[in-house]
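Residue numbers (the working numbering), protein chains in the order written: chain U, 17 to 253; chain Y, 42 to 231.
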Amino acid sequence: MSEIFRDEGTGRDAKLAALYRAAAREEPPPALDDAIRAAARRAVASRPQRVSKSFIRAWRVPLSIAAVMVLTVSLVTIMREEAPEIMLPPSGLLGEADHKRAGPAADTGENATAVPKTLLPHAQRPDSVGLRPPAQTGSSGIGLRDSRVAPDSAAESRKDMAAAGRTETDSPASSPASSMPRATQPRPDLAPDKWLERIEDLRRRGKLEEARTSLAEFRKRFPDYELPASFKDWAGP
Amino acid sequence: MATAQNLSDEELMERYRDGDAGAFDLLYGRHKGGLFRYMLRQCSSRSIAEELFQEVWMNLTRARRTYTVQAKFTTYLYRLAHNRLIDHYRSQTGGVPVSFEDDDCPALDSIAGGRRDDPALSADHRQQAERLLQLIDALPEAQREAFLLQQESDMSVEEIAKTAGVSRETAKSRLRYAFAKLREGMQEFQ
Chain U
17 MSEIFRDEGT GRDAKLAALY RAAAREEPPP ALDDAIRAAA RRAVASRPQR
67 VSKSFIRAWR VPLSIAAVMV LTVSLVTIMR EEAPEIMLPP SGLLGEADHK
117 RAGPAADTGE NATAVPKTLL PHAQRPDSVG LRPPAQTGSS GIGLRDSRVA
167 PDSAAESRKD MAAAGRTETD SPASSPASSM PRATQPRPDL APDKWLERIE
217 DLRRRGKLEE ARTSLAEFRK RFPDYELPAS FKDWAGP
Chain Y
42 MATAQNLSDE ELMERYRDGD AGAFDLLYGR HKGGLFRYML RQCSSRSIAE
92 ELFQEVWMNL TRARRTYTVQ AKFTTYLYRL AHNRLIDHYR SQTGGVPVSF
142 EDDDCPALDS IAGGRRDDPA LSADHRQQAE RLLQLIDALP EAQREAFLLQ
192 QESDMSVEEI AKTAGVSRET AKSRLRYAFA KLREGMQEFQ
């Protein structure tokens, strides 16, 4: 074999290759050629496009509806569990018809089974202002709030209430004050000076415990805010 | 079809994927010989080679819907063939590597028989060709595969490596050993 034709990298030898090409001339039998070509043509001809198109056409609408329902149910379930109050419109936005619809159920207690209390708008809750007279609003009202509600959800709720021009107690710790008019209860999303005014108002009314609780919350929210001198007499350092 | 004949293998395969059966005929015509000889020399019998050859093309027709051009068509085709061969070896030996140095290879007999009737080959040339095919048949399977991929589909070392699923250095080494053994075996004709 000639060294001239040799590729030193792979040892490839052009003369050997030429000899191989001359020697190796086998071809598949014609019958096998025909069988393979026919099968290839059949494969193309029997493309399942028509079948799949008719399948899609037949099931397009039901599948779309099913997909939408699954998505909707999933989203609602997730929202119920994670942020129930986001789903609800601010209570101030509820129309009269909504109040009427919610009323009987709330009165009979059906809403406890039909709709979880955490899903009810504030206006529909037993402790909500406006649905029931103050006399019906017991201390258990606040306790009905779902303990699973996350702090963020509670904050959202407070914002909703603020948007609706309402006030509400902020935490179970303030439940003893639930029987007092909501207007006297300070809110943490108020401006600091307004909040302090509310606290001062509570103190003047003799609601010292509520005032201290609210002040403690105020301090958490505004740790650097300097309290007026009048507070130092009763609120401590 | 004159235009289609100028298309590359990859373009023909894309046409076949899109439903053009004529494109397959052209592709098949271009590669049937090389692939058939690759199978013939890697199998212990002609009937098995024909069966595997047919299965490779059928696999190609089935896989056409997902075909995208990621490498040369020959690399794709011979990769299918390589995988089918490996499956065949495993089914025959239960996972134990097969020795292909069987002197009683029917495929070789049929190859030699066909060549004797070829008037294009002189007696001396025919003798050399028969000897070369015997030497190829005696090569270890991996070296023989590397040699056949290079000769039948004109693959580069990189393409051989990709087809056989080995590194470039391994493919190069297999080729080098294959040629060295063939050259050594052909010394009597120098």
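The C-beta atom is built at its ideal place from N, Cα and C for all residues, glycine as well. Keep in mind that this is a model prediction, so the values were computed, not measured.
Please list, in chain order, the chain Y residues whose beta carbon lies closer than 8 angstroms to that of residue i.
i, result
"Asp-29/U", "Phe-220, Leu-223 and Arg-224"
Residue i touches chain U at which residues, Cβ-Cβ below 9 angstroms?
i, result
"Tyr-69/Y", "Asp-49, Ile-52, Arg-53 and Ala-56"
"Thr-129/Y", "According to the sequence shown, residue 129/Y is His rather than Thr. Here the premise fails: no neighbours, minimum Cβ distance about 17 angstroms."
"Arg-78/Y", "Ala-40, Arg-41, Glu-42 and Glu-43"
Identify the contact partners of residue i in chain U, using a Cβ-Cβ distance below 7 angstroms as the criterion.
i, result
"Ala-62/Y", "Ala-56, Arg-57 and Val-60"
"Gly-74/Y", "Glu-43"
"Asp-165/Y", "Within 7 angstroms Cβ-Cβ: nothing; Asp-165/Y doesn't reach chain U, min ~11 angstroms."
"Asp-66/Y", "Arg-53"
Closer than 7 angstroms: is that where the CB of residue i sits relative to any heavy atom of the ligand ADP?
i, result
"Arg-58/U", "Inclusion of the ligand ADP in the displayed structure is not the case, the ligand content being empty and no account of it being possible."
Listing by chain order, which chain Y residues have their CB less than 7 angstroms from the CB of residue i?
i, result
"Ala-39/U", "Arg-156, Ala-170, Leu-173 and Leu-174"
"Ala-33/U", "Gln-192"
List, in order along the chain, the chain U residues whose C-beta lies closer than 8 angstroms to that of residue i?
i, result
"Asp-178/Y", "Correct list: empty, because the minimum Cβ distance to chain U is about 11 angstroms."
"Leu-81/Y", "Glu-42"
"Met-54/Y", "Going along chain U, no residue has its Cβ under 8 angstroms from Met-54/Y, so there is no contact; the nearest lies around 12 angstroms."
Subject >> Start-end ranges of the alpha helix (DSSP H) lying completely within the segment 87–126 of chain Y, minimum 4 residues >> reply: Segments of the alpha helix (DSSP H) lying fully in the segment 87–126 of chain Y: 87–104.
Subject >> Three CB pairs or more closer than 8 angstroms across the segment 112–122 of chain Y and the segment 93–104 of chain Y >> reply: Using a C-beta cut-off of 8 angstroms, the segment 112–122 of chain Y makes contact with the segment 93–104 of chain Y, since at least three inter-stretch Cβ pairs fall below that distance.
Subject >> At least 3 beta-carbon pairs within less than 8 angstroms: the segment 186–204 of chain Y vs the segment 71–80 of chain Y >> reply: Inter-segment contact for the segment 186–204 of chain Y and the segment 71–80 of chain Y is present: three or more beta-carbon pairs are separated by less than 8 angstroms.
Subject >> Within 9 angstroms of chain U by C-beta, residues of the segment 105–121 of chain Y in sequence order >> reply: Here the close residues are Arg-105 and Arg-106.
Original post:
Taking a cut of 9 angstroms between CB atoms, which residues from the segment 92–103 of chain Y lie near chain U?
Top reply: Listed by position along the chain: Phe-94, Gln-95, Trp-98, Met-99, Leu-101, Thr-102 and Arg-103.
Original post:
Do the segment 199–210 of chain Y and the segment 79–89 of chain Y meet, that is, are 3 or more Cβ pairs less than 8 angstroms apart?
Top reply: No, the segment 199–210 of chain Y is not in contact with the segment 79–89 of chain Y.
Subject >> Three-pair Cβ contact test at 8 angstroms for the segment 43–56 of chain U versus the segment 179–187 of chain Y >> reply: Touching, no.
Original post:
Using 8 angstroms as the threshold, is the segment 222–231 of chain Y in touch with the segment 70–90 of chain U, meaning 3 or more CB pairs across them?
Top reply: Taking 8 angstroms as the limit for Cβ pairs, the verdict is that the segment 70–90 of chain U does not touch the segment 222–231 of chain Y.
**OP:** Determine contact between the segment 163–170 of chain Y and the segment 34–42 of chain U, defined as no fewer than three beta-carbon pairs at a distance below 8 angstroms.
**Re:** Output reads yes: the segment 34–42 of chain U touches the segment 163–170 of chain Y.
**OP:** Quick one: which residues of the segment 193–219 of chain Y get their C-beta closer than 7 angstroms to a C-beta of chain U? List them in chain order.
**Re:** Listed by position along the chain: Val-198, Lys-213, Leu-216 and Arg-217.
Original post:
Is there contact here, the segment 50–67 of chain Y with the segment 53–63 of chain U, by at least three beta-carbon pairs under 8 angstroms?
Top reply: The answer is yes - the segment 53–63 of chain U touches the segment 50–67 of chain Y, with three or more Cβ pairs under 8 angstroms.
**OP:** Return the chain-ordered ranges of every alpha helix (DSSP H) run that is complete within the segment 177–231 of chain Y and spans a minimum of 4 residues.
**Re:** With a minimum length of 4 residues, the continuous alpha helix (DSSP H) runs that stay inside the segment 177–231 of chain Y are 182–194, 198–205 and 209–226.
Original post:
Taking three-plus beta-carbon pairs below 8 angstroms as touching, is the segment 228–242 of chain U in contact with the segment 42–52 of chain Y?
Top reply: No, they do not touch.
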